[in-house]
Every structure is written in C-alpha cells, then in structure tokens.
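The opening residue of the sequence shown carries number 2 in our numbering; numbering runs sequentially from there.
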Amino acid sequence: MVYYSLTMRILIVEDEHKIANSIKKGLEQESYAVDVCYNGTDGFDLASTEDYDVIALDILLPGMDGITICKKLRTDNIHTPILMLTAKGQTTDKVQGLDAGADDYLTKPFAFEELLARIRALVRRPRHAVGTTLKVEDLTLDTLSYEVKRANTVVQLSSREFALLEYLMRHPNTTLTKDQIIGHVWNYDADILPNTVEVYIGYLRNKLDKPFPRVPSLIHTIRGFGYKLGKDA
Ligand code: CA
C-alpha cells in the first residue's frame, strides 16, 4: 500500500547514534528519505542548504544546540517545520524550543509510532493529505484527524491505543508478535513486559469488538505467536 506519492525528506539532528539510526531506519521503511547529522554544526549547515519537509532536532547537541539552530534558521527565513526532541521532564526546554520557533516537541524516550504521527501532522499539506485513512472491514482510522470509527460509530482511543491500532491496521491479516508490537508501539528502550501488550489488546477489544456484537470481531489472538487484525482468525 502506498501512502505517499511524493517522497518526503526528513533531517534528523541527534547525537545519540542509537536513537538517530533507529528513527532513520523506521522512517525509511515508511518511504521517507532521511538524512542524519550527529552534531549541531552539520545539522545547521544541512538544514539551511537542503530542502526538507521536516527537521527532527535534538536540543543538547555537540557543536551547536538545538535552540540556537532553530532560532538561526527562523532568523534566516527558513521555515521548515521543526519537531524538537526534548529530554524527559525538562519543561523549560519545551518552552524555549517553541519560543525559538519550533512547531512541536516530543519528549524522549518516545515510541516510533508517536514520532511518525507528529511528523505526519507537520507535513499536513493538501498534496500529502491523500490516502491517510486506513480501512479494515468496517473499521477506519484517520491518521491526520486521529478519528477512529467502527461500524460508522466514532470510538475514542488513548494515544497508545491509537498507535497500537494504527500499527495493526497497517499490517492487516498478518500475525504480529508481541516483540514486533513492542518495538513499534512502545519506547525503544522501555522495559515493557509482554503482558502490557495483552493488556492493551484487551483495551482495544473492549472498545472495538465488544460494543459491536452484530459484526465479526476483528482482533484475534494467535496462540503462541501474537495477534492479528482482520475478518478471519
Ligand atoms: Ca543529545
């Protein structure tokens, strides 16, 4: 399935190689073209000379910090959407980042699906707005408006439930292991027990299958393997 007809370019400026590389890998799987810089000086140079759709910018960087980069780009009249990556609990970073001209921020550690959702929101433009509704049977999920509907009824989900459902819906009729699910929906470095996946699958069942007894259940447990979303178990 093709979601984007035009390749979008993302710049990641992040000195933690492990985080930067796993974001790059994940975005490339989603068909984005990705450049990575591990220091602020190179990051600023690339951001000011190349044309990107979104810049994911860490704050604490060797060379030049993210706040300074952001301010300099805006002063230079470069208005590429910037997603600041801030460390946990540093609320002053968020405020400074937004004041410096960033468009959004994401607190580390974050789940890949969360990053993806923010990036998609930042590149929300008419030419990209096509094909953002995922559909499996009578279940739909809109990746721009975050609206989920089952049998034409709007269903409210938490952000984690939404991320889990989006991941399942992007791989319909496919058995996904708990490890695959954890890797995509939870933090890269989080200590998540496989039981957590079961708990969240339970939440989704309670919201998407149980209230709709007249239509077939869509969430199936494949015993010993994982979970599958689709009409047939
Ligand atoms: Ca850093």
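Every residue, glycine too, gets a C-beta built ideally from N, C-alpha and C.
Quick one: what does DSSP say residue i is sitting in, helix, strand or coil?
i	result
residue 115	helix
residue 177	strand
residue 105	strand
residue 127	Because residue 127 carries a pLDDT of 40, less than 50, the predicted location of this residue cannot be relied on, and the following value inherits that uncertainty. Correct three-state label for residue 127: helix.
residue 193	coil
residue 149	strand
residue 81	coil
residue 233	coil
residue 222	strand
residue 75	helix
residue 60	coil
Please return the same chain residues whose Cβ sits closer than 6 Å to the Cβ of residue i, not counting the five positions on each side in sequence.
i	result
residue 42	64 and 65
residue 232	138 and 217
residue 29	35
residue 10	34, 53 and 54
Classify residue i: buried if its beta carbon has 16 or more other beta carbons within 10 angstroms, exposed otherwise.
i	result
residue 130	Note that residue 130 scores a pLDDT of 39, beneath 50, so its modelled location is shaky and nothing firm can be said.
residue 157	exposed
residue 226	exposed
residue 98	buried
residue 13	buried
residue 67	buried
residue 145	exposed
residue 93	exposed
Relative to the C-alpha of residue i, which candidate in the options has its C-alpha closest?
i	options	result
residue 214	68, 93 and 151	151
residue 220	104, 175 and 68	175
residue 166	85, 76, 71 and 228	228
residue 49	74, 205 and 164	74
residue 223	207, 142 and 202	202
residue 23	56, 102, 185 and 70	185
residue 95	76, 81 and 71	71
residue 205	159, 85, 78 and 105	159
residue 62	78, 81 and 88	88
Under 7 Å Cβ to Cβ from residue i, same chain only, skipping five residues before and after it: list those, please.
i	result
residue 187	112 and 193
residue 198	179, 182 and 183
Short of 8 Å in beta carbon distance, which residues of its chain neighbour residue i, apart from the five on each side in sequence? Order them along the chain.
i	result
residue 1	Missing from the structure shown is residue 1; the chain here goes from 2 to 234 and no further.
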